[in-house]
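To start, the structure itself, in structure tokens.
In the working numbering, the protein residues as written are 2 to 495.
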């Protein structure tokens with residue numbers, strides 16, 4: 002009997018506490034969707050019936066004329082930003098108040114991924130950015146062009162072996178290319194991604210990013226309950242893959258130390274040349290190398306997969322791109338040089354429009370690290386102050402699909418990204434690479450890899466959408482925007 006009474010008492014206290022927590026935004030006069038008991042506003046993400054980015058996009062559209070809205074991650078108050086000026090302030094002007102991304106990794110279970118500058122905490126990020134930024138300049142990427150061109154040749158040669166009427170899943174195809182290319186540029190070796198059915202490097206990428214139930218669980222826990230990252234008994238990168246990559250970097254390092262006069266022009270060598278300057282330890286060296294692989298593999302294959310799909314859906318745009326490729330290559334005696342890529346403006350616009358319409362990273366998640374006062378909302382008596390630990394979400398996809406900034410947003414239109422059109426738009430309504438000091442530091446390499454791959458395919462093949470292609474639905478288990486049923490196309494040699 003005493004146990005039952007105690008249970009009722011504790012349950013009542015818990016109920017009252019949860020209901021009290023859900024009065025936080027109401028007391029401050031901040032618009033907030035109605036929370037579900039205990040789960041707040043993220044029940045659908047918790048059950049994987051929706052993606053957290055889709056929820057933020059929905060709130061953006063539901064409260065379009067508010068500068069921001071509140072919501073609850075389970076019991077924790079969080080903010081969803083809407084107004085571009087406020088987004089610009091958070092990402093650029095007042096970035097010191099939000100210098101950490103909410104998603105970062107456990108030292109215990111992700112001892113290499115914790116050094117990835119995209120997700121690293123502030124101190125680790127500062128060092129990583131200092132080390133990697135000089136490695137990813139336009140000059141350094143230009144020096145990689147022969148390696149990138151070689152990967153493109155392997156891609157097109159592989160496509161020639163496949164019958165024109167055979168469906169090819171575009172994301173899987175360009176994942177082979179992205180893996181081949183980043184390993185080539187990282188270690189100066191042939192990863193054999195187009196020669197083997199099973200491949201250790203492809204398996205590494207698949208093991209990290211393949212949408213599965215457990216991938217979804219890890220993503221859900223990291224985005225909704227980030228404080229559990231140090232007690233969850235599994236890392237974002239599986240432990241065996243982590244150790245295999247660490248051993249690989251160690252092997253290549255020792256090999257080069259034995260032959261110091263045979264230095265290569267690749268990312269690993271650039272890193273090794275920086276070891277003494279930045280006092281880089283073995284974990285950091287392997288972590289930076291893994292960061293280059295991870296960031297180059299998934300996002301580039303995602304963007305290229307969708308670019309192929311969009312060109313298949315829009316044959317007139319594909320024909321116009323092929324004309325540009327033919328004209329520019331003719332000026333360079335049909336030699337694929339680094340300068341060729343920089344002259345292809347329409348190719349550039351296609352890549353940027355793909356990243357707008359099919360935004361691979363549909364959400365930016367920050368964390369408040371220093372007390373910050375939000376702008377006063379019209380009709381309110383005083384502004385709202387948020388405190389360290391408050392999660393901040395920005396829906397890149399919602400901004401990219403807002404008709405105020407992009408008329409007819411569902412239409413694939415590369416001409417949105419001419420110089421004239423870019424100048425017309427607010428700086429913070431295009432966030433494919435992020436913005437501010439913590440924006441992507443690998444833009445030069447990412448664009449070179451994506452443009453080279455797409456140019457090579459369209460130069461040599463005509464792309465058509467497979468009759469078996471299904472409407473695109475986001476896979477809620479994936480860490481980034483991923484077509485659940487694939488992107489199927491046919492490739493016919495020109």
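We treat Cβ as the ideally placed atom computed from N, Cα and C, and that holds for glycine.
Between residue 185 and residue 176, the C-beta gap is not smaller than 8 Å, which leaves the two residues out of contact. Taking all protein chains in view, the Cβ of residue 398 is crowded by 16 or more other Cβ atoms within 10 Å, so the residue is classified as buried. Annotated three-state conformation of residue 394 is strand, per DSSP. Per DSSP, reduced to three states, the secondary structure at residue 114 is helical. Residue 466 is bridged by DSSP to 490. Closest in C-alpha terms to residue 283, from the list 307, 410, 249 and 429, comes 249. Around the beta-carbon of residue 483, 16 or more other beta-carbon atoms lie within 10 Å, marking it buried. Within the segment 382-434, the runs of alpha helix (DSSP H) at least 4 residues long that lie entirely inside it are, in chain order, 397-401 and 420-425. A distance of 8 Å or more separates the beta carbons of residue 179 and residue 366. In this structure, residue 115 lies near residue 125, with their beta-carbon atoms less than 8 Å apart.
The beta carbon of residue 488 is closer than 8 Å to those of 170, 171, 172, 306, 307, 309, 310, 470 and 473 in its chain, skipping five residues each way along the sequence. If you draw a straight line from the Cα of residue 389 to the Cα of residue 420, it is about 39 Å long. Of the residues 99, 90, 123 and 91, the one whose Cα lies closest to the Cα of residue 106 is 123. Counting of Cβ neighbours within 10 angstroms places residue 50 among the exposed residues, the total staying below 16. Of the residues assessed, residue 145 falls on the buried side of the cut-off, its CB having 16 or more other CB atoms within 10 angstroms. Going by beta carbons, residue 442 and residue 68 fall outside the 8 Å limit. Proximity to residue 481 across 52, 454, 43 and 34 peaks at 52, based on C-alpha coordinates. Closest in C-alpha terms to residue 278, from the list 323, 133, 194 and 183, comes 133. About 7 Å separates the Cβ atoms of residue 319 and residue 459, confirming a contact at the 8 Å cut-off. Here the alpha carbons of residue 383 and residue 16 stand approximately 31 Å from one another.
Secondary-structure assignment with DSSP links residue 69 through a beta bridge to 82.
Distance from the CA atom of residue 385 to the CA atom of residue 209, rounded to whole angstroms, is 39 Å. For residue 144, the enclosing alpha helix (DSSP H) begins and ends at 139-144. Residue 448 and residue 436 have their C-alpha atoms spaced approximately 16 Å apart. Exclusion of the five residues before and after residue 165 leaves 491, 492, 493 and 494 as the residues of its chain whose Cβ lies within less than 8 Å of its Cβ. The continuous alpha helix (DSSP H) containing residue 125 extends over residues 123-133. Here the alpha carbons of residue 43 and residue 218 stand approximately 14 Å from one another.
One thing to note: residue 19 has its Cβ within 8 Å of the Cβ of residue 39. Secondary structure at residue 213: coil, using DSSP grouped into helix, strand and coil.
Per DSSP, the unbroken beta strand (DSSP E) holding residue 367 starts and ends at 364-368. Counting C-beta atoms within 10 angstroms of its own C-beta, residue 66 has fewer than 16 neighbours from the protein chains shown and is therefore classed as exposed.
Taken in chain order, the complete alpha helix (DSSP H) segments of 4 or more residues contained in the segment 321-359 are 339-344 and 346-358.
In this chain, the alpha helix (DSSP H) harbouring residue 252 covers 240-259.
Exclusion of the five residues before and after residue 412 leaves no residue of its chain whose Cβ lies closer than 7 Å to its Cβ. Counting along the chain, the unbroken alpha helix (DSSP H) around residue 22 starts and ends at 3-22.
Looking at the DSSP output, residue 208 bridges to nothing.
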